[in-house]
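Using our numbering, you'd call the opening residue of the sequence shown number 168 and step up by one each time.
One structure below.
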Amino acid sequence: MKRNSVVFSVWIVVIGALLFTTGLGRVHLFDWDEINFAESAREMLVSGDYLDVQINFETFWEKPP
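Put into structure tokens, the structure is as follows:
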């Protein structure tokens with residue numbers, strides 16, 4: 168009985184993962200702001216500086232993410 172519930176749980180996770188990850192990456196970022204937020208987050212990870220928002224590794228003061 169316990170084995171059946173484990174198998175059922177695994178199937179639910181697999182089906183859920185397939186449903187949620189199938190279209191991942193197909194849709195591009197739409198707005199200019201979304202592109203800047205994604206780039207500033209990437210640059211924060213690369214530089215290790217999480218307090219200063221940067222775009223093209225220059226301080227970005229226009230609008231914080």
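C-beta atoms are modelled at their ideal positions from N, C-alpha and C, and glycine is treated no differently.
Leaving out five residues on either side along the sequence, give the residues of the same chain with a beta carbon under 8 Å from the beta carbon of Asp-219.
Excluding sequence neighbours, Asp-219 sits near Thr-226.
In the DSSP assignment, what residue or residues form a beta bridge with Ile-222?
In the DSSP output, where bridge partners are listed per residue, Ile-222 has Glu-225.
Please list the terminal residues of the continuous alpha helix (DSSP H) segment that includes Thr-189.
Careful: Thr-189 lies outside any alpha helix (DSSP H) and carries neither H nor E.
Whole angstroms is fine: what's the gap from Asp-216's alpha carbon to Lys-169's?
For the pair Asp-216 and Lys-169, the Cα-to-Cα distance works out to about 48 Å.
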